[in-house]
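Participant:
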Amino acid sequence: MDSPQLLCKVVLIGDSGVGKTSILNKRIYEKFSFHTTHTQMGQMNTLKLKINDKEITLKLWDTAGQEKYRTITLQFYRETKGAFLVFDMTVQQTFDNIKFWAKQLRNHGGDDVKKVILANKCDLTDKLVVKEEEILELAKQINATYFIVSAYTNENIIECFDYMALELMKNCCNQPDKGLQSKQLSANTESVLDQKQKNKSSSGCC
Numbered sequence: 195m196d197s198p199q200l201l202c203k204v205v206l207i208g209d210s211g212v213g214k215t216s217i218l219n220k221r222i223y224e225k226f227s228f229h230t231t232h233t234q235m236g237q238m239n240t241l242k243l244k245i246n247d248k249e250i251t252l253k254l255w256d257t258a259g260q261e262k263y264r265t266i267t268l269q270f271y272r273e274t275k276g277a278f279l280v281f282d283m284t285v286q287q288t289f290d291n292i293k294f295w296a297k298q299l300r301n302h303g304g305d306d307v308k309k310v311i312l313a314n315k316c317d318l319t320d321k322l323v324v325k326e327e328e329i330l331e332l333a334k335q336i337n338a339t340y341f342i343v344s345a346y347t348n349e350n351i352i353e354c355f356d357y358m359a360l361e362l363m364k365n366c367c368n369q370p371d372k373g374l375q376s377k378q379l380s381a382n383t384e385s386v387l388d389q390k391q392k393n394k395s396s397s398g399c400c
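For the sequence shown, position 161 (counting from the first letter as 1) is numbered 355 according to the numbering used here, and the numbering increases by one without interruption.
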């Protein structure tokens, strides 16, 4: 008998313009564009991975960071198992606002959500204003892990998604930590409007 499909919901949250969509596009489609549009409401991407010979599907919700959509964004926190909190290393305010996003996540998603901070745009070395020491301190404060990433150069993009998948497998199904061996199996994208037409029918332990 086949084992139940392991399906976990993960949200990407953070201010508008920090690169959430670019990070997803780089990971799923290996593409980068300087001309991405702001996400409105939300978009769901699926990423199917094989981690240590076990398959897991991540339902990745790319959420809108603009203030006018923040009330709508709250609905995406329900039943979330993991969250990427994204900021732009060249804009101090986006880093400062991570505490706001972490509080929103805690209030509407609970304390058990696995949190990973993504410090994006590290390739812009002459414009960086946030130091790694600050990121480390914030990660300790909100009980998160962090990765310094670049959607442009692909630095740590694969690694952060593999880490999230492994942690969710360990948390949800008591998987032993055997190191990390991963393989992407498939991916696709749907808008939030498409999702509203579907009933939940997934199984698994996440």
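Glycine included, C-beta positions come from ideal geometry on N, C-alpha and C.
Straight-line CA distance for residue 363 to residue 209?
Facilitator: For the purposes of this step, residue 363 is taken as the residue at position 169 of the sequence shown. For the purposes of this step, residue 209 is taken as the residue at position 15 of the sequence shown. Straight-line Cα distance between these residues: approximately 28 Å.
Participant: Below 8 Å on the Cβ atoms is my contact criterion, and I expect residue 201 with residue 253 to pass it. Report the Cβ-Cβ distance as a whole number of Å.
Facilitator: Working through the sequence shown from its first residue, we reach residue 201 at position 7. Working through the sequence shown from its first residue, we reach residue 253 at position 59. Right, the Cβ-Cβ distance comes to about 7 Å (below 8 Å), so this counts as a contact.
Participant: Can you give me the start and stop residues for the alpha helix (DSSP H) that residue 297 sits inside?
Facilitator: Taking the sequence shown and counting its residues from 1, the one referred to as residue 297 is at position 103. Residue 297 -> alpha helix (DSSP H) spans 292–303.
Participant: Between 291, 332, 285 and 278, which has its C-alpha nearest residue 310's C-alpha?
Facilitator: Translated into positions along the sequence shown, residue 310 becomes position 116. Measuring from the Cα of residue 310, the nearest candidate turns out to be 278.
Participant: From which residue to which residue does the alpha helix (DSSP H) around residue 273 run?
Facilitator: By 1-based counting over the sequence shown, the position of residue 273 is 79. First-last for residue 273: undefined, no H or E at that position.
Participant: Take residue 255 and list the residues in its own chain whose beta-carbon comes closer than 6 Å to its own, dropping the five residues that flank it on each side.
Facilitator: Locating residue 255 in the sequence shown gives position 61, where the first residue counts as 1. Excluding sequence neighbours, residue 255 sits near 205, 236, 238 and 270.
Participant: Whole angstroms are fine: how far does the CA of residue 338 sit from the CA of residue 290?
Facilitator: Numbered from its first residue, the sequence shown carries residue 290 at position 96. Numbered from its first residue, the sequence shown carries residue 338 at position 144. Going from the Cα of residue 290 to the Cα of residue 338 covers about 15 Å.
Participant: Counting beta carbon pairs with one atom in the segment 345–361 and one in the segment 309–323, are three or more of them shorter than 8 Å?
Facilitator: yes
Participant: Using 10 angstroms around the beta-carbon of residue 221, count the other beta-carbons present and answer buried if the total reaches 16, otherwise exposed.
Facilitator: The residue given as residue 221 occupies position 27 in the sequence shown. It counts as buried.
Participant: For the beta strand (DSSP E) containing residue 200, name the first residue and the last one.
Facilitator: Here residue 200 refers to the residue found at position 6 when the sequence shown is read from its first residue. Per DSSP, residue 200 belongs to the beta strand (DSSP E) from 200–207.
Participant: Under 7 Å between the Cβ atoms of residue 286 and residue 323?
Facilitator: The residue given as residue 286 occupies position 92 in the sequence shown. The residue given as residue 323 occupies position 129 in the sequence shown. Contact flag set, yes.
Participant: Suppose you measure from the CA of residue 296 to the CA of residue 336; what does that come to, to the nearest Å?
Facilitator: Taking the first residue of the sequence shown as 1, we reach residue 296 at position 102. Taking the first residue of the sequence shown as 1, we reach residue 336 at position 142. Answer to the nearest angstrom: the Cα atoms are 7 Å apart.
Participant: Excluding the 5 residues preceding and the 5 following residue 319 in the sequence, name in chain order all residues of the same chain whose CB lies nearer than 7 Å to its CB.
Facilitator: By one-based count along the sequence shown, residue 319 stands at place 125. The answer is none, since no qualifying residue turns up.
Participant: For chain C, check one thing: does any of its Cβ atoms lie closer than 7 Å to the Cβ of residue 247?
Facilitator: In the structure shown, chain C cannot be found, because there is only a single protein chain.
Participant: So if DSSP puts residue 313 in a beta bridge, which residue, or which two residues, is it bridged to?
Facilitator: If you number the sequence shown from 1, residue 313 lands on position 119. DSSP lists 281 and 342 as partners of residue 313.
Participant: Ignore the nearest five residues each way along the sequence and tell me which others in residue 328's own chain have a CB closer than 8 Å to its CB.
Facilitator: Translated into the one-based positions of the sequence shown, residue 328 becomes position 134. Result list for residue 328: 289, in chain order.
Participant: Mind checking residue 347: buried by the 16 CB within 10 Å criterion, or exposed?
Facilitator: Numbered from 1 along the sequence shown, position 153 holds the residue referred to as residue 347. By the neighbour-count rule (16 or more Cβ atoms within 10 Å), residue 347 is not buried but exposed.
Participant: Got a sec: does the ligand ADP put a non-hydrogen atom nearer than 6 Å to the Cβ of residue 222?
Facilitator: The ligand content of the structure shown is nil, which means the ligand ADP is not present either.
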